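J.: Numbering (my numbering), first residue to last: 307 to 447.
For glycine and all other residues, C-beta sits at the position ideal for the given N, C-alpha and C.
Keep in mind that this is a model prediction, so the values were computed, not measured.
I have a structure I would like to understand better, so I am pasting it below and will then ask my questions one at a time.
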């Protein structure tokens with residue numbers, strides 16, 4: 307379908323009123339952006355919380371360390387296991403894993419305690435299950 311000035315146009319995906327042009331200049335749609343579930347979201351107004359920022363910082367550090375290792379592998383063709391590059395990569399991976407474990411334990415038990423860790427380990431280890439039972443018995447007295 308062609309517009310009054312000969313350009314091809316189509317309807318906006320969120321409203322059938324405002325046309326968008328395929329070629330040339332397009333005029334922006336006046337309707338707000340809708341999410342998949344139909345709620346209205348302004349991309350400029352949503353700021354990440356502290357946990358999201360921390361997670362993104364950890365992932366950025368991990369990606370940086372992976373790039374450094376890849377560059378070293380290309381230039382030297384072999385990386386020593388005791389190299390500082392490998393150590394810093396291991397630290398970045400450990401930080402990411404520990405952040406995930408802390409968040410998971412905090413979400414399940416409400417606090418970062420050794421009892422929460424014991425609950426988690428007791429699910430897969432029978433000895434830890436016995437220790438947990440004795441600990442709970444002692445705490446209840």
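#1: Return the CA-CA distance between residue 443 and residue 430, expressed in angstroms with no decimal places.
#2: If you run the structure through DSSP and keep just helix, strand and coil, what is residue 375?
#3: If you measure between the beta carbons of residue 438 and residue 405, is that distance less than 8 Å?
#4: Residue 363 by DSSP, collapsed to three states: which one?
#5: Alpha carbon to alpha carbon, how far is residue 424 from residue 434?
#6: Express the C-alpha separation of residue 376 and residue 368 in angstroms, rounding to a whole number.
#7: Roughly how many angstroms separate the alpha carbons of residue 387 and residue 358, rounded to a whole number?
T.: Let me spell this out:
#1: 20 Å
#2: helix
#3: no
#4: helix
#5: 7 Å
#6: 12 Å
#7: 32 Å
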